[in-house]
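Visitor:
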Amino acid sequence: MTELDIFNNAIHNLEKDIPITWEWKTIAPNKDIGIDGELDLTLNEKKLSLLVEIKKDVKNHQILNILQHNNEFQNFLLVAEKLFPKVKEELRAHNVNYLEGNGNVYINHNEVFLYIDTNKTLKTKKDKGNRAFTKTGLKVIFHFLLNPQLLNHTQRDIAELTNVGLGNIPLIINGLVDTNFILKLNKNEYIINNYEELLNRWITEFEQTLRPTIFKQRFRFQNKNQDWKEIQFNEGKTVWGGEPAGDILTNHLRPEKFIIYTIETVKELMLNYRLIPDDEGDVWAYDLFWNLQFNENTAPAALVYAELMIGNDKRSKETANLILNEQIKPNL
């Protein structure tokens, strides 16, 4: 379903409940202001002009960006095919206008107040046969995010770098083309269509599909007063991710949850870093799933950003946006 399809479905379902008239104007993509169109909405002779951003859905890690747009544009309206109840609660708490595909709506602007939350959630169709966002596809996409030029290497080179079977590569690339995340310029050249949109989709799928499969073990530090910054990891084998990496990259965060990515065994982690297995511990270990050439003193910035955006902590999200603006975007 295209963005325009999502909008048309939502506005027509709203018309079923409320006597409105409306006019839509698409904003040229080259304006690149984060807004997809302008909606003139008339209800009881009261006219609203709203700047609209359209999304398929909104996950927790995307809320901060929505709030930033809402602060930037006083007449902002989010239109989404589906919004989860907790997301809607947070949007209303920050007075963010929204419209769902089923016609549920919250608009509190210029003496107009609309609030409907009784329409049933629409069933969404899953992408059938698309290999881009499988566990294997997510590993490959992550390498494209780390190095967009990798898209234009040979498929054999991509397979070797990402350590996946050669036969997966064309299926993954075709899946990205089909979903409009990458564009084919000619026979042998591709570009990422919208880096931040692809990164956000990757974060959503990483949280649901990939991260649960790479979890190794939960630990606690043997020494309760351990200074995590004094731990010396084996170079090329283990790196900090999440909050510790966010602090290393920005000096803006005091870690409470310690994520590591590693190719070391549980036994090696226990012996090398004095970690004790503990299901309630504050150290989470995951398998390192990317090519080691992208490591520095932390996991890649894109993964650190993802982990921080997935969490619920406001400070983590602030740190994530520092990483996005200072570490990721300048290198695109």
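Basically this note's numbering = 1-based index in the sequence shown + 110.
Yeah, the Cβ is synthetic: ideal placement off N, Cα and C, and Gly gets one too.
Source: prediction; values computed, not measured.
1. On the CB-based measure, 16 or more other CB atoms within 10 Å of its CB, does Leu114 come out buried or exposed?
2. Is the beta carbon of Val349 sitting closer than 8 Å to the one on Tyr371?
3. Among all the DSSP beta bridges, which residues are the ones paired with His219?
4. Taking three-plus beta-carbon pairs below 8 Å as touching, is the region 154-161 in contact with the region 181-197?
5. Looking only at its own chain, which residues have a Cβ that is under 6 Å from the Cβ of Thr131, when we skip the five neighbours before and after it?
6. Please identify the residue among His204, Asp267, Phe331, Asn303 whose C-alpha is closest to the C-alpha of Leu442.
7. Could you give the distance in angstroms between the alpha-carbon of Lys136 and the alpha-carbon of Ile145?
8. Inspect the beta-carbon positions of Pro322 and Trp338 and report whether they are closer than 8 Å.
9. Using the Cα positions of Phe450 and Asn154, report the straight-line distance between them to the nearest angstrom.
10. With distances taken Cα to Cα, identify the nearest neighbour of Val328 among Thr314, Leu248, Lys367, Asn123.
11. Would you identify the three-state DSSP class for Asn140, choosing helix, strand or coil?
12. Based on the DSSP secondary-structure assignment, which residues constitute the bridge partners of Ile130?
13. Select from Leu320, Leu256, Met380, Ile283 the residue whose C-alpha is nearest the C-alpha of Glu406.
14. Do Asn123 and Asn212 count as a contact pair if the criterion is CB distance below 8 Å?
15. How would you call Leu309, buried or exposed, if buried means at least 16 neighbouring beta carbons within 10 angstroms?
16. Between Arg330 and Leu379, what straight-line distance do the alpha-carbon atoms span, to the nearest angstrom?
17. Sorted by chain position, which residues of the same chain lie with C-beta nearer than 8 Å to Arg384's C-beta, five sequence neighbours on each side aside?
18. Starting from Glu200, trace the alpha helix (DSSP H) in both directions and tell me its first and last residue.
19. Quickly, what does DSSP pair Asp167 with across the bridge? List them, please.
20. Of all the options Ala120, Asp167, Gln172, which has the alpha carbon lying nearest to the alpha carbon of Leu149?
21. Taking just the CA atoms, how far does Asn118 sit from Glu133?
22. Tell me the rounded alpha-carbon separation between Arg311 and Pro258.
23. Three Cβ pairs or more, each shorter than 8 Å: is that satisfied between the region 263-271 and the region 218-233?
24. Could you check what DSSP says for Arg425 in three-state terms: helix, strand or coil?
25. With DSSP as the reference, label Phe325 as helix, strand or coil.
26. If you count every other CB in all the chains shown that lies within 10 Å of the CB of Gln318, and 16 or more means buried, which is it?
27. My parser needs the alpha helix (DSSP H) runs of 4 or more residues fully inside the region 231-311; what are they?
28. Rounded to whole angstroms, what is the Cα-Cα separation between Ile438 and Thr314?
29. Among Leu261, Gly247, Leu271, which has the Cα closest to the Cα of Lys294?
30. Would DSSP call Asp388 helix, strand or coil?
31. On a Cα-Cα basis, can you pick out the residue from Ala395, Glu199, Asn180, Ile279 that is closest to Lys347?
32. Would Ile173 and Glu200 be called neighbours here (beta carbons separated by less than 8 Å)?
33. Check whether the Cβ atoms of Ile369 and Gly352 sit closer than 8 Å, and answer yes or no.
34. What is the residue span of the beta strand (DSSP E) that Gly351 lies within?
35. Apart from the five residues on each side of it in sequence, which residues of its chain come closer than 8 Å, Cβ to Cβ, to Pro365?
36. Can you pull the DSSP bridge partners for Asp227?
Guide: So, from the listed chains and residues:
1. exposed
2. yes
3. Val222
4. yes
5. Thr152
6. Asn303
7. The sequence given here places Thr at residue 136; Lys does not occur at that position. Cα to Cα, Thr136 sits roughly 9 Å from Ile145.
8. no
9. Absent from the structure is residue 450, since the part of the chain shown begins at 111 and ends at 442.
10. Reading off the sequence, residue 328 comes out as Arg, not Val. Ranking Thr314, Leu248, Lys367, Asn123 by Cα distance to Arg328 puts Lys367 first.
11. Because Asn140 sits at a pLDDT of 47, beneath the cut-off of 50, its placement in the model cannot be relied upon, and the following sentence gives the value as read from the coordinates. Looking at Asn140 - three-state DSSP - the assignment turns out to be helix.
12. Leu153
13. Leu256
14. yes
15. buried
16. 11 Å
17. The residues Phe331, Gln332, Asn333, Gln336, in chain order, have a CB closer than 8 Å to that of Arg384 in the same chain once the five nearest residues on each side in sequence are set aside.
18. Glu200 -> alpha helix (DSSP H) spans 195-203.
19. In the DSSP assignment, Asp167 is bridged to Lys192.
20. Ala120
21. 11 Å
22. In a straight line, the C-alpha of Arg311 is about 16 Å away from that of Pro258.
23. Too few Cβ pairs lie closer than 8 Å, so no.
24. helix
25. strand
26. It counts as exposed.
27. 245-256, 265-272, 278-288
28. 18 Å
29. When each option's Cα is compared against that of Lys294, the closest is Leu261.
30. DSSP places Asp388 in coil when its eight states are reduced to three.
31. Ala395
32. yes
33. Yes, the Cβ-Cβ distance between Ile369 and Gly352 is below 8 Å.
34. 348-351
35. Trp338, Gly352, Glu353, Pro354, Gly356, Asp357
36. DSSP, once it has assigned bridges, lists no residue as partnering Asp227.
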